[in-house]
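Asks: Starting off with a structure, shown below.
Residue numbers (this note's numbering), protein chains in the order written: chain B, 22 to 246; chain P, 292 to 758.
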């Protein structure tokens, strides 16, 4: 670590900058490739806290990519906590699933029995272009028991929606169903749809049946059972 | 002799980058044309950033200043050199809010201060007037879903550098629309205070085809007159350049090379004469209802749109099977037009210029000829600074020099276009990741510059000016 320095072409050195060599990338932007051994400039929160050649684990936001790499520190930890941090990073997908479960109003094991498009939404170029899937539930893991549910999922291929799940007839899975976002979902009312609708928007909202034990465990942790 | 430069902008440190570089937009600092910004949706989740160059586009860096995800973006530099950036952000994906931010120092860590916010909008278009003198005037065109069906709107700010800038919201549409106005609302200004806005007044949609008017509104006092200074024969403000043109727009529409249609409106005013205005739009009036671009001109401030004097046909220029059109006029009154065209299954990026004052003769540079890449963008942008044209286009990123006919390979640019990211330097032409392993292709933003022969070459090894 070199204090008061910069490794980025268009970023002059200043007091709160530091050049660090990455000994071990724990979680980084995949677009940057393998950062092992690379120099990165860090804008430090508190420059006085770190000394030259001191090792630390940095949590940082991206800042400049090009002519070098610069990041903004959010926090840092002692390098001796590396194992703990790696374990937490490995748990991020599970934590994300827990967050989605906490936000879900209904979690069901179900089969998709029908998928119908909705009329093209021309109001916005970025409209999700919903399709409506009918679910036949075989088990309700969370929420009010029911036999059927109607869930909306985006069919738009635009970047906003490209990671959202696409449902297909006969698909069997665990579905994390959420309330639709505020706002008018359709340009015109669709009489064939029930009044109660759910959505799946995040790729974690559809889990394979093999994840049932994990989902059950996370739900029980959430409810404190 | 004109010099053409085409640059794949992905920096070397981002050589593993494979995001879709969605609908890029460009801004060039009129106070220092070596500085330019290109906004494109390329960011990793939760980060909003933009490309910036200090050496007139020869090298680029990505700056992240805002948190969150964006769905649309547009930018402009003011006369002062201030960068203005309109970001549409949609946390729930359903409704987008326009956030307009500004900065005098693009390498600030951010977040930049916000000066205008509008909820429930689509496709913000920032135009910062960059004349030689005067305050920074900022015009923001957008489709306002909160003001349906007459949704075409412009926010006007007469001093965007003020401590607390004031924005006046101007509704452009005075006729009946159905189901609403079009997505593109495109302002452009002249140093004499003339401001034109092009927009589409949709009149009908039958679930397959939009029937729309193509409209140009004008304000002779920077926007103080609410864009009512150009009246149509039907007595309403806004001259209808074309009436009832069809544009196919529905789910599963054949599109063009995977591109969704209905988003190709662009306008330019001649900096040497505010009476002269050029307009381009796209519609399905080509053979067998092909998508077709139309270029037209007015010499009397938009009141009449003259037919081609050579052919007597309405268009000065007609291009079939093309979209992503953008038009600009340089300080010599020369018109530049960029578009992408599907030709024999290949996706060609063209840049054309008028070669005489009639507006009927155009040269044609093919900047790129690449694989089709599906839906890549709703819009791109071309601007003129002095005699030079600067633009950006999205294209599949195979680094094969035969893909770039206007920039033959040299020892310094073996790929034809200048690639900043890692590639093979001989055939077979491949992208390489940071470890030298072949990487799959994706859509990248390509900067281009069509440089007048009297303009000095871009500087080399130029770095940031510390502000």
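Positions of the beta carbon are idealized from the N, C-alpha and C atoms, including for glycine.
1) Below 8 Å, can you find three or more Cβ-Cβ pairs linking the stretch 727-738 of chain P to the stretch 677-696 of chain P?
2) So what does DSSP say about residue 535(P), is it helix, strand or coil?
3) Could you list the residues in the stretch 197-215 of chain B with a C-beta less than 9 Å from some C-beta on chain P, going in chain order?
4) List the endpoints of the continuous beta strand (DSSP E) containing residue 214(B).
5) Taking 9 Å as the CB-CB limit, is residue 757(P) close to chain B?
6) So residue 16(B) and residue 196(B) are supposed to be a Cβ contact under 8 Å. How far apart are they, rounded?
7) Would you verify that the beta carbon of residue 80(B) is, or is not, closer than 9 Å to some beta carbon of chain P?
8) Can the beta-carbon of residue 488(P) be found closer than 9 Å to that of residue 476(P)?
9) By Cβ distance below 6 Å, which residues in the same chain neighbour residue 192(B) in space, the five residues on each side in sequence not counted?
10) So, under 8 Å CB-CB, residue 135(B) and residue 154(B) are touching, yes? Tell me the CB distance rounded to an integer number of Å.
11) Mapping DSSP to helix, strand and coil, what is residue 113(B)?
12) Kindly indicate which residue of 32(B), 66(B), 33(B) and 90(B) has the alpha-carbon position closest to the one of residue 43(B).
13) Going by beta carbon distance, what residues of the same chain come within less than 8 Å of residue 624(P), once the five residues before and after it are set aside?
14) List the residues of chain B that residue 436(P) touches, going by C-beta distances under 7 Å, in chain order.
15) Could you please give the first and the last residue of the uninterrupted beta strand (DSSP E) stretch that includes residue 462(P)?
16) Output needed for residue 756(P): all residues of its chain with C-beta closer than 6 Å, excluding positions within five of it in sequence on either side, in chain order.
17) Rounded to a whole number of angstroms, what is the C-alpha to C-alpha distance between residue 758(P) and residue 323(P)?
18) Could you give the residue range of the alpha helix (DSSP H) that holds residue 10(B)?
19) Say whether chain A places a C-beta atom closer than 9 Å to the C-beta of residue 67(B).
20) Between the stretch 40-56 of chain B and chain P, which residues of the former have a C-beta closer than 9 Å to a C-beta of the latter?
21) Is the CB-CB distance between residue 414(P) and residue 363(P) below 9 Å?
22) Check whether chain B comes within 9 Å of residue 327(P), counting only Cβ atoms and requiring the distance to be less than that.
23) Just list the beta strand (DSSP E) runs in the stretch 417-473 of chain P, keeping only unbroken ones of 3 residues or longer that don't cross its boundaries, in chain order.
24) Where does the unbroken beta strand (DSSP E) through residue 316(P) begin, and where does it stop?
25) Who are the neighbours of residue 302(P) on chain B, taking C-beta pairs under 8 Å?
26) State the start and end residues of the unbroken beta strand (DSSP E) segment that holds residue 353(P).
27) Return the residue from the list 385(P), 405(P) and 747(P) that minimises the CA-CA distance to residue 457(P).
28) Can you pull the chain P neighbours of residue 70(B), defined as C-beta to C-beta under 7 Å?
29) The beta strand (DSSP E) with residue 195(B) in it runs from where to where?
30) Which residues does DSSP list as the beta-bridge partners of residue 736(P)?
31) Rounded C-beta distance between residue 52(B) and residue 63(B)? I'm assuming under 8 Å.
32) Please specify which runs of the beta strand (DSSP E), each continuous and at least 3 residues long, are wholly inside the stretch 487-535 of chain P, giving them in chain order.
33) For residue 719(P), which of 725(P), 705(P) and 709(P) has the nearest alpha-carbon?
34) Pick from 118(B), 222(B), 24(B) and 183(B): whose alpha carbon is nearest that of residue 72(B)?
35) Do residue 464(P) and residue 492(P) have their C-beta atoms closer together than 9 Å?
Replies: Reading from the atomic positions:
1) yes
2) strand
3) For the stretch 197-215 of chain B, the set of residues with a beta-carbon nearer than 9 Å to any beta-carbon of chain P comprises 201, 202, 203, 204, 205, 206 and 208, in chain order.
4) Premise fails: residue 214(B) is in no beta strand (DSSP E) and is neither H nor E.
5) Its pLDDT being 42, under 50, residue 757(P) is placed unreliably in this model, and the coordinates cannot settle the point.
6) Residue 16(B) is absent from the model: chain B starts at 22 and stops at 246.
7) no
8) Contact flag set, yes.
9) For residue 192(B), where only same-chain residues beyond five positions count, the Cβ hits under 6 Å are 133.
10) 7 Å
11) helix
12) 90(B)
13) Within the same chain, Cβ atoms closer than 8 Å to the Cβ of residue 624(P) are found at 561, 562, 563, 564, 567 and 648, the five residues on either side in sequence being excluded.
14) Under a criterion of Cβ atoms nearer than 7 Å, the residues of chain B adjacent to residue 436(P) are, in order, 144 and 145.
15) 459-462
16) Confidence at residue 756(P) is low in this model, with a pLDDT of 47, below 50, so its placement is unreliable and the value that follows should be read with caution. Here the set comprises nothing.
17) Here the model assigns residue 758(P) a pLDDT of 42, short of 50, so the residue's position is not dependable, and the following value carries that caveat. Roughly 13 Å between the two C-alpha positions.
18) With chain B covering 22 to 246 only, the question about residue 10(B) has no answer from this structure.
19) Among the protein chains of the structure shown, namely B and P, there is no chain A.
20) 50, 51, 52, 53, 54, 55 and 56
21) yes
22) no
23) 428-435, 443-448 and 459-462
24) 313-319
25) 86, 87 and 88
26) 352-358
27) 405(P)
28) Correct list: empty, because the minimum Cβ distance to chain P is about 18 Å.
29) Looking at the DSSP string, the run of the beta strand (DSSP E) that includes residue 195(B) is 193-198.
30) Partner(s): 685(P).
31) In fact, because the Cβ distance is near 19 Å, the residues do not count as touching under 8 Å.
32) 500-510
33) 705(P)
34) 24(B)
35) yes
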